[in-house]
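All the letters of the sequence shown, read from the start, carry residue numbers 15 to 387 under this note's numbering. Where is the CB? At the ideal position from N, CA and C, for every residue including glycine.
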Amino acid sequence: MNKIKDLTDIFINCRLSGLSSKYLNNDHLRLDELKPLFKVSELGYSVNQETIYCINIGKGRTKVLLWSQMHGNESTSTKSLLDLMNAFNNNEFLDVLENCTLFIIPILNPDGAREYTRVNYNKVDLNRDAKNNSQPESKLLNDYYEKIKPDYCFNLHDQRTIYGGEKGISPSGLSFLAPCYDIQSSINVNRRKSMCVIEHIYNDLSLVIKDRIRLYDDDYNEDCFGDHFQKKGAATILFESGFFELDYNREITRKYMFISIVTALNLISDKSKSIITTEYLSIPTNKVIFYDIILKNVNVDSMNVDIGINFIETLKGGDVEFTPYVFAREDLSKYSGHKEIDMHNRKIAKGALIIDVKLNKSLVNELNIKLNL
Ligand SMILES: [Zn+2]
15 MNKIKDLTDI FINCRLSGLS SKYLNNDHLR LDELKPLFKV SELGYSVNQE
65 TIYCINIGKG RTKVLLWSQM HGNESTSTKS LLDLMNAFNN NEFLDVLENC
115 TLFIIPILNP DGAREYTRVN YNKVDLNRDA KNNSQPESKL LNDYYEKIKP
165 DYCFNLHDQR TIYGGEKGIS PSGLSFLAPC YDIQSSINVN RRKSMCVIEH
215 IYNDLSLVIK DRIRLYDDDY NEDCFGDHFQ KKGAATILFE SGFFELDYNR
265 EITRKYMFIS IVTALNLISD KSKSIITTEY LSIPTNKVIF YDIILKNVNV
315 DSMNVDIGIN FIETLKGGDV EFTPYVFARE DLSKYSGHKE IDMHNRKIAK
365 GALIIDVKLN KSLVNELNIK LNL
């Protein structure tokens with residue numbers, strides 16, 4: 015527990031201000047402030063000619079390649095990385111820099127980050143392009159991997175709010191995966207190293223956020239970069255920034271992602287630690303179990319149904335707007351809502367609840383379900 019408390023204190027001291035919106039693009043990186051200590055270089059350019067930056071720090075033998083925002087609208091881990099670099103600036107975690115060399119790509123998909131989209135400017139999901147290598151961003155990552163031949167890869171993402179464990183259990187705050195390198199889900203030394211790191215994070219963080227850490231789906235997909243690099247021989251770890259109740263801007267997740275990355279780096283930099291894993295496969299797996307809001311017991315056309323609503327995130331006026339959409343109108347007793355409202359069989363006109371489109375605005379206002387974000 016003390017270890018986590020110490021890391022939390024460091025996070026509080028080193029958390030960069032001015033990054034609380036989910037909208038984060040190249041303009042927000044402020045890499046000039048990091049330049050005295052780090053080597054910041056330009057790795058290349060995106061489809062729409064935005065710069066893709068790379069930061070190089072440390073002088074150790076173990077090489078770690080970390081990249082974030084290959085999906086442009088997944089900014090939480092980027093913030094945790096920037097907080098981490100600020101911590102290095104404040105002389106924290108010097109052992110890590112003594113034993114490891116870090117190669118950090120803070121935003122791999124700057125066009126997607128600017129447009130707040132998952133895909134790149136050509137509308138390609140870069141995390142399905144590892145083998146095709148058709149996009150400039152994928153080529154840069156693949157080439158950089160070949161150039162530095164990392165020992166470890168950290169593949170940093172955000173996941174949606176729909177994931178949890180079994181019904182009634184909390185949402186997935188963080189998810190991890192030691193990706194497969196073949197369809198048999200074999201385990202070699204490198205994959206075991208990935209598992210060991212995840213198990214270590216799980217054990218440490220379970221002390222403070224028990225039941226909030228889960229494993230991501232591990233079906234082998236050679237088009238995904240995690241699987242691709244695991245196959246090439248780097249111990250690769252997928253980090254997914256999840257969701258804590260009503261923390262739609264992911265500030266709580268940002269803290270725990272910071273702690274997770276530091277915990278992983280501390281383990282990697284400590285050569286005395288063995289790579290035996292015993293618990294990885296017993297970490298609970300993610301299940302699609304949540305809606306953002308469930309209206310229970312609604313009377314629509316004399317039928318008693320539940321209404322499942324999720325927020326769609328769109329860019330508006332330089333910030334992210336969360337708009338409620340109806341995704342399901344059925345018995346949702348197997349699901350949970352981050353917010354649940356019992357409607358006590360109240361009648362709602364069908365037009366107010368059109369499936370797959372934005373909720374009737376007057377109903378949204380009436381139910382007061384638009385959260386103050
Ligand atoms: Zn992603």
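Can you tell me whether Glu-129 sits near ligand 1, meaning its C-beta is under 8 Å from at least one heavy atom of the ligand? Checking the Cβ of Glu-129 against ligand 1 gives no.
If you reduce the DSSP assignment to three classes, tell me which class Ser-283 lands in. Residue state, collapsed to three classes: helix.
Check whether the Cβ of Asn-235 lies closer than 8 Å to any heavy atom of ligand 1, and answer yes or no. Asn-235 Cβ: outside cutoff for every heavy atom of ligand 1.
Spell out the partners DSSP gives Ile-58 in its beta bridges. As written in the sequence, residue 58 is Gly, which differs from the Ile given in the question. Answer is Ile-66, bridged to Gly-58.
At a cut-off of 8 Å, would you count Met-209 as near ligand 1, judging by its Cβ distance to the nearest heavy atom? No, the beta carbon of Met-209 sits no closer than 8 Å to any heavy atom of ligand 1.
Nearest to Leu-95 by alpha carbon, out of Ser-274, Tyr-230 and Ile-289? Minimum Cα distance to Leu-95 is reached at Ser-274.
Could you tell me if Asp-23 is buried or exposed, where buried requires 16 or more neighbouring beta carbons within 10 angstroms of its beta carbon? Within a 10 Å sphere around the beta-carbon of Asp-23 sit fewer than 16 other beta-carbons, which makes this residue exposed.
Measuring only the C-alpha atoms, how far is Glu-160 from Tyr-37? Between the alpha carbons of Glu-160 and Tyr-37 lies a distance of about 31 Å.
Where does Val-222 sit, in a helix, a strand or coil, going by DSSP? Three-state DSSP puts Val-222 in coil, outside helix and strand.
Could you compute how far the alpha carbon of Val-78 sits from the alpha carbon of Leu-329? Cα to Cα, the separation comes out at about 33 Å.
4-residue-minimum alpha helix (DSSP H) runs that sit fully inside the region 85-167, ordered along the chain: You should have 90-103, 108-113, 124-129 and 150-162.
First and last residue of the uninterrupted beta strand (DSSP E) at Asp-315: From DSSP, Asp-315 is part of no beta strand (DSSP E); its letter is neither H nor E.
Bounding residues of the beta strand (DSSP E) (the contiguous stretch that carries Lys-364): For Lys-364, there is no enclosing beta strand (DSSP E), as DSSP marks it with neither H nor E.
Given a threshold of 16 other Cβ atoms within 10 Å of its Cβ, counted over all protein chains shown, does Gly-178 qualify as buried or as exposed? Label assigned to Gly-178: buried.
Tell me, please, whether the region 284-295 touches the region 202-209 by the rule of three or more beta-carbon pairs shorter than 8 Å. The region 284-295 is in contact with the region 202-209.
Helix, strand or coil for Ile-183, going by three-state DSSP, please let me know. Ile-183 falls in the coil class under three-state DSSP.
At the level of alpha carbons, what is the spacing between His-242 and Ile-223? The alpha-carbon atoms of His-242 and Ile-223 are separated by roughly 31 Å.
Can you give me the Cβ contacts of Tyr-230 inside the same chain, cut-off strictly under 7 Å, excluding the 5 residues immediately before and after it? Within the same chain, Cβ atoms closer than 7 Å to the Cβ of Tyr-230 are found at Ser-189, Phe-190, Leu-191, Leu-252, Glu-254 and Asn-300, the five residues on either side in sequence being excluded.
Should Arg-228 be counted as a contact of ligand 1 given a C-beta to heavy atom distance under 8 Å? For ligand 1, not one heavy atom lies less than 8 Å from the Cβ of Arg-228.
Helix, strand or coil at Arg-268 [DSSP, three-state]: When DSSP states are grouped into helix, strand and coil, Arg-268 belongs to the helix group.
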